[in-house]
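Colleague: Protein sequence lines correspond, in order, to chains R and S.
So the first sequence is numbered by the working numbering: it starts at 1 and just counts up by one.
So the second sequence is numbered by the working numbering: it starts at 1001 and just counts up by one.
Just so you know, even glycine gets a beta-carbon here, dropped at the ideal spot from N, CA and C.
For clarity, every value in this text was computed on a predicted model and none was experimentally measured.
Got a structure here, written out as structure tokens. Questions coming.
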Amino acid sequence: MSAVALSCARTSLTRYGRSAGLWILLLVAPVAARFMIAGRGAHNSVISVSGQVPWLTSPVLGMELGVVIATLLLPLAFIYLRSNITRRQPWQVEEPSPGSRIAIAYGRWLADLALLAGVLAATTVAGVFLAMLMMPLREVDPLWITLTLWAIAAPPLAMVASLRILFDARRWTRGALGEVLFFVFWMGSLVLVMAGDHAQGYAAAMADLDGFMSPLAHGLHGDSNFTIGGGEITAGAPAIHLDVIGGVLNDGYLAARLTWLAIAALVPLAAGLVHLPHVVGKTRKTPGWLKFLEPGAAKPADPKAREARPGALPWLTLLACEIRLIASGRLTRLAMLAVAIAGWFLPYAKATGPAAMLLLVFAATAHAGRTEQGGLLALTRTGFLSPWARRIAFVAAGTLLALAMSGAGIGHALMAGDTAPLIQALAMGAGTSLAAITLAALTRGATTPRLVLLIAWYFYLSWGGGP
Amino acid sequence: MTDTSPTLRLEGVTRRYGRKVVLDGISHSFTKGLTLLTGPSGAGKSTLLRLIATAEKPTAGRLHWNGEPLPAARSALRRELGYAPQAVELPMELTAREFGLHMAALKGLRANEADAQFRLLLEGVGLAADANGRIATYSGGMRRRLIFAQALLGAPRLLALDEPTAELDSESRERIHALINRAAQSAIVIMTTHLSDGVAAAATAVLRVEAGALTPARAGLAA
Ligand SMILES: Nc1ncnc2c1ncn2[C@@H]1O[C@H](COP(=O)(O)OP(=O)(O)OP(=O)(O)O)[C@@H](O)[C@H]1O
Ligand SMILES: [Mg+2]
């Protein structure tokens, strides 16, 4: 390995090792496994097949751990890898260095891979420990727990590392778009395989990046009905025996897992080749027809301007400020206005409500991420109103914006005596802004709140205002 | 390695940001020795250094390194470049020494020699005692000295230094001037500054960036 790649890998690992978040990430999967995996005779389970709980064996446990990782850990791992620690790279001096971008990409990727392998190892140890608690000791087989878990979870985890390297290579995906793309990719990988026909063989296994469907469905009828995460368990139904070993050893499955690993290993090469340097600021010219979105020229200063005096209503001023800053930029304001107007014509629960939430998610997390940065926080702490006042005003402002965007829908419904949209808009606005500011304050950035809220938005959309 | 003097030539270099023309067709040949760039804040000094350090591409015009035009000669230039930008997002969790070794690896230097040289450089800028302290614990001036020290790693024949002595006390400033003057004996050193102190006397040229143009200025003329 080149000295450049080695140095990048070593410095990245050192930086991960010195951050507190690492220990949280190492603990997430083991702790979640404890709550998501059902012992024998349990009445709920992370996976159920046609209303039946799977009978717990070592390979089944390995597979269930794989499901925990695919559903829960992938987005968390992505957030963590993209968090402040390694996003703050000294690119100002790295990019003009003679070091090869491909070597740098591989170095960082290897560090991320080693970190995720550590997470997987911790989950394996936890799995063996859980097996000893939940199963007769002589049936505990650490080898099968390890083999199924790693066969299922290693490729998607490697892919998370690869995507994060790839998204760091281009200007657009370094920012919010990268989170959206990952979210789409992750949801897509789950939806694709759940909607598939559970066929066996290499091609079917290749469609299943998360890798748990083939071992799960092996030897079951095509019409079996899987649910993941809180499915209905038929009372009194017997446990179902799953042939996970058959699924893992089925022809094509392991070959497909290795193919996915190989694809993941090629992504850093692509990232190195398409790398675009950072820019200090905006360099692209705004096309003429979008000129009205630009802030325009500054007004000349008035030489007779006097010193500003404290406002009479500081709280109200703060609230107005927060509204203005969340809805900042003409593009955001135009979009919000469009949603508010569309409310006259489109149904609230299925169309304008989710649209309003999506806009609020982006606008609120961007502003929350900006204001919760360490340096700025130190400055605002010295101000007249405390950061807590600003945070409260932020939540109020977010709620008011949600109400404003939903005004038409709420009005229509209220006239028909239906308060549901009002309550929904209130809950959506308050919940979104509260989550945005809390997560932004905890993580000092916009990435985590945005990804978490996008996942919440997905559930809001698929819930569509209730049954 | 040849012992001919390094040359850097700018030919009609223009840099625009949107509609704003920051540098307008600048032509100049830089030779061995210390060149100071002065000029009012916002005139384009940092922009010019970014172009020279290949951190950005000119909108129009060309750079020539040792007679070869960029981008063909870009990697040749980068192998001999030391660059200290005005601000760097430093990896806060690393120690100064770890950061220096990482930069040395990116420059393709031998690890053990780079370690020895970086120790010497840290001592030169007065950071020897804090070499194993996390960058997160460094003050603003200490960070600036660290950024300066990493630029000197290897034997750069082109040094682009963006206000290396801003925010520093006079003692630190003199240490840095001594290192700059020594480097300028064999390298092209281009340095921006607002101050008309110490180095001005040793400078081979003082240039002024203003209104998109690069013009010779009297030595010691402050912005
Ligand atoms: N990425 C960018 N996008 C738009 N304008 C930019 C960008 N970078 C620099 N500028 C503009 O270019 C001009 C020159 O900036 P530069 O940083 O080079 O000035 P400077 O001479 O180094 O100033 P200072 O002495 O304050 O460091 C400024 O007017 C700035 O607004
Ligand atoms: Mg500058």
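(1) Compare the C-alpha of S/Pro-1058 against each of S/Ala-1129, S/Glu-1113, S/Glu-1089, S/Leu-1023 and name the closest.
(2) Mind checking the region 85-104 of chain R against chain S and listing, in chain order, the residues whose C-beta falls within less than 8 Å of any C-beta there?
(3) With DSSP as the reference, label R/Gly-466 as helix, strand or coil.
(4) For S/Ala-1096 and S/Asn-1132, I'd like the C-alpha separation in whole angstroms.
(5) Shortest alpha-carbon distance to S/Val-1209 belongs to which of S/Thr-1193, S/Ala-1178, S/Ala-1116?
(6) Along the region 297-330 of chain R, what residues have a CB closer than 7 Å to any CB found in chain S?
(7) Quick one, which residues of the region 433-463 of chain R are near chain S if we go by CB-CB under 8 Å, in chain order?
(8) Could one say the Cβ of S/Ala-1055 lies closer than 8 Å to chain R's Cβ atoms, at least one of them?
(9) Does at least one heavy atom of ligand 1 sit under 7 Å from the Cβ of S/Val-1021?
(10) Give the range of the alpha helix (DSSP H) segment to which R/Leu-261 is assigned.
(11) Are there any heavy atoms of ligand 1 lying less than 7 Å away from the beta-carbon of R/Thr-123, as far as the coordinates show?
(12) Give the C-beta separation of R/Leu-73 and R/Val-140 to the nearest angstrom, bearing in mind that I take them to be a contact with Cβ-Cβ under 8 Å.
(13) S/Glu-1098 lies in the alpha helix (DSSP H); which residues open and close that run?
(14) Tell me the rounded alpha-carbon separation between S/Lys-1032 and R/Val-93.
(15) CB R/Ile-455 to CB R/Ala-368, shorter than 8 Å?
(16) Can you name the residues of chain S whose CB is closer than 8 Å to the CB of R/Thr-14?
(17) If you reduce the DSSP assignment to three classes, tell me which class S/Leu-981 lands in.
(18) By Cβ distance, which residues of its chain are closer than 6 Å to R/Leu-157, with the 5 residues on each side in sequence left out?
(19) Starting from the Cα of S/Leu-1159, find the closest Cα among S/Tyr-1138, S/Ile-1147, S/Ser-1170, S/Ala-1129 and give me that residue.
(20) If you draw a straight line from the alpha carbon of R/Leu-360 to that of R/Thr-448, how long is it in whole angstroms?
(21) Specify, as a first and last residue, the run of the alpha helix (DSSP H) that R/Ala-3 falls within.
(22) Can you check whether the CB of S/Ala-1202 is closer than 8 Å to the CB of R/Ser-7?
(23) Have a look at R/Thr-399 and R/Ile-326 and give me their C-alpha separation to the nearest angstrom.
(24) Please state whether the Cβ-Cβ distance between R/Gly-127 and R/Ala-9 is less than 8 Å.
(25) Closest Cβ-Cβ distance between R/Val-274 and chain S: below 8 Å?
(26) Going by C-alpha distance, which of S/Lys-1107, S/Tyr-1017, S/Ala-1151, S/Ser-1005 is nearest S/Glu-1056?
(27) Taking Cβ-Cβ distances shorter than 8 Å, what residues in chain R pair up with S/Lys-1107?
(28) With a threshold of 7 Å (Cβ to nearest heavy atom), would S/Thr-1031 be considered close to ligand 2?
(29) Does any CB atom of chain R fall closer than 8 Å to the CB of S/His-1064?
(30) Check whether the Cβ of R/Gly-175 lies closer than 7 Å to any heavy atom of ligand 1, and answer yes or no.
(31) Which chain S residues sit within Cβ distance under 8 Å of R/Ala-3?
(32) Quick check: the Cα distance between R/Gly-218 and R/Asp-208, rounded to an integer number of angstroms?
(33) Any chance the CB of S/Thr-1047 is under 7 Å from a heavy atom of ligand 1?
(34) Mapping DSSP to helix, strand and coil, what is R/Ala-153?
(35) Taking Cβ to Cβ, would you say R/Ser-406 is nearer than 8 Å to R/Thr-352?
Modeller: Quick look at the numbers:
(1) In the second sequence, the residue the question calls residue 1058 of chain S occupies position 58. That would be S/Leu-1023, whose Cα lies nearest to the Cα of S/Pro-1058.
(2) Answer set for the region 85-104 of chain R: Ile-85, Arg-88, Gln-89, Pro-90, Trp-91, Gln-92, Val-93, Glu-94, Glu-95, Pro-96, Ser-97, Pro-98, Gly-99, Ile-104.
(3) As a working note, residue 466 of chain R is residue 466 in the first sequence. Per-residue confidence for R/Gly-466 stands at a pLDDT of 45, beneath the threshold of 50, marking its modelled position as unreliable; the derived number appears in the next sentence. Per DSSP, reduced to three states, the secondary structure at R/Gly-466 is coil, with no helix or strand assignment.
(4) Sequence index remark: in the second sequence, residue 1096 of chain S carries index 96 (1-based). Sequence index remark: in the second sequence, residue 1132 of chain S carries index 132 (1-based). Rounded to the nearest angstrom, the two C-alpha atoms are 6 Å apart.
(5) Numbered from 1 along the second sequence, position 209 holds the residue referred to as residue 1209 of chain S. Per the C-alpha coordinates, the member of S/Thr-1193, S/Ala-1178, S/Ala-1116 positioned closest to S/Val-1209 is S/Thr-1193.
(6) So nothing in the stretch comes that close.
(7) Those residues of the region 433-463 of chain R that come within reach of chain S (Cβ to Cβ, closer than 8 Å) do not exist; the list is empty.
(8) Your numbering for residue 1055 of chain S matches position 55 in the second sequence. Chain R has a Cβ within less than 8 Å of the Cβ of S/Ala-1055.
(9) Along the second sequence, one-based indexing puts residue 1021 of chain S at 21. With a cut-off of 7 Å, the C-beta of S/Val-1021 is classified as distant from ligand 1, since no heavy atom of the ligand falls inside that distance.
(10) Position 261 of the first sequence, counting from 1, holds the residue named residue 261 of chain R. Taken as a continuous stretch (DSSP letters only), the alpha helix (DSSP H) holding R/Leu-261 covers 253-274.
(11) One-based indexing of the first sequence puts residue 123 of chain R at position 123. Flag unset: Cβ of R/Thr-123 not near ligand 1.
(12) Here the question's residue 73 of chain R lines up with position 73 in the first sequence. Here the question's residue 140 of chain R lines up with position 140 in the first sequence. Not a contact, Cβ separation roughly 23 Å.
(13) By 1-based counting over the second sequence, the position of residue 1098 of chain S is 98. Looking at the DSSP string, the run of the alpha helix (DSSP H) that includes S/Glu-1098 is 1096-1106.
(14) Position 32 of the second sequence holds residue 1032 of chain S. Position 93 of the first sequence holds residue 93 of chain R. Approximately 23 Å between the Cα atoms of the pair.
(15) For this step, residue 455 of chain R is matched to residue 455 along the first sequence. For this step, residue 368 of chain R is matched to residue 368 along the first sequence. Taking 8 Å as the cut-off, the Cβ atoms of R/Ile-455 and R/Ala-368 do not count as close.
(16) Reading the first sequence from its first residue, position 14 is the one you call residue 14 of chain R. Residues of chain S passing the Cβ test: Glu-1093, Leu-1094, Glu-1098.
(17) With chain S running from 1001 to 1223 in the structure shown, residue 981 of chain S is simply not present.
(18) On the first sequence, residue 157 of chain R is found 157 positions in, with the first residue counted as 1. Shown here for R/Leu-157: same chain residues with a beta carbon closer than 6 Å to its own, the five before and five after excluded, namely Leu-116 in chain order.
(19) The sequence position of residue 1159 of chain S within the second sequence is 159, counting from 1. Ranking S/Tyr-1138, S/Ile-1147, S/Ser-1170, S/Ala-1129 by CA distance to the CA of S/Leu-1159 puts S/Ile-1147 first.
(20) By 1-based counting over the first sequence, the position of residue 360 of chain R is 360. By 1-based counting over the first sequence, the position of residue 448 of chain R is 448. Each residue's alpha carbon lies about 15 Å from the other.
(21) Against the first sequence, residue 3 of chain R aligns to sequence position 3. For R/Ala-3, the enclosing alpha helix (DSSP H) starts and ends at 3-17.
(22) Locating residue 7 of chain R in the first sequence gives position 7, where the first residue counts as 1. Locating residue 1202 of chain S in the second sequence gives position 202, where the first residue counts as 1. In this structure, S/Ala-1202 does not lie closer than 8 Å to R/Ser-7 by Cβ.
(23) In the first sequence, counting from the first residue as 1, residue 399 of chain R sits at position 399. In the first sequence, counting from the first residue as 1, residue 326 of chain R sits at position 326. Computed Cα separation, rounded: 11 Å.
(24) Within the first sequence, numbered from 1, the residue matching residue 127 of chain R stands at position 127. Within the first sequence, numbered from 1, the residue matching residue 9 of chain R stands at position 9. For R/Gly-127 and R/Ala-9, no; Cβs fall outside 8 Å.
(25) If you number the first sequence from 1, residue 274 of chain R lands on position 274. Closer than 8 Å: no.
(26) Residue 1056 of chain S sits at position 56 when you count from the first residue of the second sequence. Measuring from the Cα of S/Glu-1056, the nearest candidate turns out to be S/Tyr-1017.
(27) Residue mapping note: residue 1107 of chain S aligns to position 107 of the second sequence, counting from 1. Here the neighbours are Ser-97, Pro-98, Gly-99.
(28) Here residue 1031 of chain S corresponds to residue number 31 of the second sequence, with the count starting at 1. S/Thr-1031 Cβ: outside cutoff for every heavy atom of ligand 2.
(29) Here residue 1064 of chain S refers to the residue found at position 64 when the second sequence is read from its first residue. No, because no Cβ of chain R sits closer than 8 Å to the Cβ of S/His-1064.
(30) Translated into the one-based positions of the first sequence, residue 175 of chain R becomes position 175. Result no, Cβ not under 7 Å from ligand 1.
(31) Position 3 of the first sequence, counted from the first residue, corresponds to residue 3 of chain R. Within chain S, the C-beta atoms nearer than 8 Å to that of R/Ala-3 come from Ala-1105, Gly-1108, Ala-1111, in chain order.
(32) The sequence position of residue 218 of chain R within the first sequence is 218, counting from 1. The sequence position of residue 208 of chain R within the first sequence is 208, counting from 1. Inspection of the sequence shows that residue 218 of chain R is occupied by His rather than by Gly. Looking at the backbone, the Cα of R/His-218 and that of R/Asp-208 are separated by about 14 Å.
(33) What you label residue 1047 of chain S is simply residue 47 of the second sequence in a count that begins at 1. S/Thr-1047: yes, Cβ under 7 Å from ligand 1.
(34) Walking along the first sequence from the start, residue 153 of chain R turns up at place 153. Correct three-state label for R/Ala-153: helix.
(35) By one-based count along the first sequence, residue 406 of chain R stands at place 406. By one-based count along the first sequence, residue 352 of chain R stands at place 352. In this structure, R/Thr-352 lies closer than 8 Å to R/Ser-406 by Cβ.
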